[in-house]
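Counting from 57, one number per residue, gives the positions in the sequence shown under this note's numbering. Where is the CB? At the ideal position from N, CA and C, for every residue including glycine. The block underneath contains the structure these notes are about, expressed in structure tokens.
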Amino acid sequence: MPKSGFLVINKPFGERSTHCVEIVRRKLGKKARVGHGGTLDSTASGVLVMLTGAATRLSNIVMGFPKCYAATLQLGSETNTDDASGNVIREAEWRHLSVTDVDDAISEFSGWRLQTPPNVSAVHVNGQRAHELSRNGQEVKIAPKPVYFEKVLRTTDISSDGKLSFEIYCQKGTYVRSFGRDIARVLGTAGHICRLERKSAGPFNLDNAVDFSKIETMTADDIYAELLELSVISDVLPMYAGDEKAEKKLALGQNVPLDLLSVRSRGKTENYFGEDVLLAAGSYFSVCGFVTENGSVMLHPSINLYLGEEL
């Protein structure tokens, strides 16, 4: 049974991502390699992608996949964490707002936008995590950074108690908590995210996720049986297939000519900002980039995974 792959967990609200990783590592044994493809706040639920075996080397690739979130905004109050776990720092009236006002504000969240991450976040400030400084009572000044919103959809009207829900499609590095704070400010009021669920990260979604409550009763074999194959990321990245000649070149870490390869998947690169492509040849699965060598276009393996010992 292959031991390298992706385990998609439906993380519940209140559970730390690091704790989820620790439990899976304990289940698989001390020698097992276990990582993640991007953490999820304890105040959020939904898709948490675990990586096992050789797949742990693909962590940065998975982190770069586009994400989809379902979020509920509570109008009327802003908190120091931009979600319901923090203390209210500002209040403002919201009852005059209409859904037309909201839809007009959404138009400002399309494409690239500068965003300031929450004070309680993993962003580094002078060599320390912002959340550590903030929780120690120190002043935190985080510089805004560019983030990309593919699209934002309003999924509900404004409720009688000031709640409003959205579906948000965005790229790596986007804080949905900051989106809630910012769109409330655009509307001339205050707000914070009171519910957040990650619905998908690239090809990983709630439909192929294992409920976290089941992990405690699963054996190592049960977990390995739930792994998604490495090739699932070809839903996002283009993928080539190679023969024995290509496998031999990968074994030596050499560039592979395109004329040795066939296209297996064209991926969905319009939603992915990286330039990576995949190559599967025999016992090798590689993340590659295009290079030119002696006038010929080739694939250069930047992450070269040998899986033969697991087959």
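Judged by their CB atoms, V312 and A297 are not nearer to each other than the 9 Å cut-off. Shortest Cα-Cα distance from E149 to any of V232, E134, A140, N143 involves E134.
If you look at A337, you'll find it isn't in any alpha helix (DSSP H); it sits in the beta strand (DSSP E) that goes 333–337.
The beta carbons of P68 and S342 sit no closer together than 9 Å. Buried is the label assigned to F222, since at least 16 other Cβ atoms lie within 10 Å of its Cβ. In this model, T128 and C250 are separated by some 6 Å (Cα to Cα). The shortest CA-to-CA distance from Q227 to any of L283, I162, G167, I359 is the one to G167.
About 6 Å separates the beta carbon of L262 from that of V103, a gap short enough to meet the 8 Å contact definition. In the structure shown, N360 adopts extended strand secondary structure according to DSSP, grouped into three states.
Of all C-beta pairs linking the stretch 299–312 to the stretch 83–93, fewer than three are shorter than 8 Å, placing the two stretches out of contact.
Secondary structure of K305 (DSSP, three-state): helix.
For H75, there is no enclosing beta strand (DSSP E); the enclosing alpha helix (DSSP H) has its first and last residue at 73–84.
Listed as beta-bridge partners of F205 by DSSP are G167, C226. Under the three-state reduction of DSSP output, S98 falls in the coil class, being neither helix nor strand.
Note that the stretch 275–283 does not touch the stretch 145–159; fewer than 3 beta-carbon pairs, one per stretch, sit closer than 8 Å.
For F235, the uninterrupted alpha helix (DSSP H) run begins and ends at 232–242, by DSSP. Inter-segment contact for the stretch 59–78 and the stretch 95–112 is present: three or more beta-carbon pairs are separated by less than 8 Å. Under the three-state reduction of DSSP output, Y125 falls in the strand class. Sixteen is the threshold: since fewer than 16 other Cβ atoms of the shown chains lie within 10 Å of the Cβ of D217, the residue is exposed. For M295, the uninterrupted beta strand (DSSP E) segment begins and ends at 295–298. Nearest neighbour of L334 by Cα position, chosen from V203, P294, A257, turns out to be P294. For V347, the enclosing beta strand (DSSP E) begins and ends at 340–349. Boundaries of the beta strand (DSSP E) harbouring N66: 61–67, taken from the DSSP string.
Exposure of S358 is indicated by the presence of fewer than 16 other C-beta atoms within 10 angstroms of its C-beta. Per DSSP, the unbroken beta strand (DSSP E) holding A257 starts and ends at 247–257.
For the 9 Å CB-CB criterion, L284 and F260 form a contact. Rounded to whole angstroms, D213 and G364 show a C-alpha spacing of 54 Å. Put simply, the backbone Cα of G258 is about 13 Å away from that of L114.
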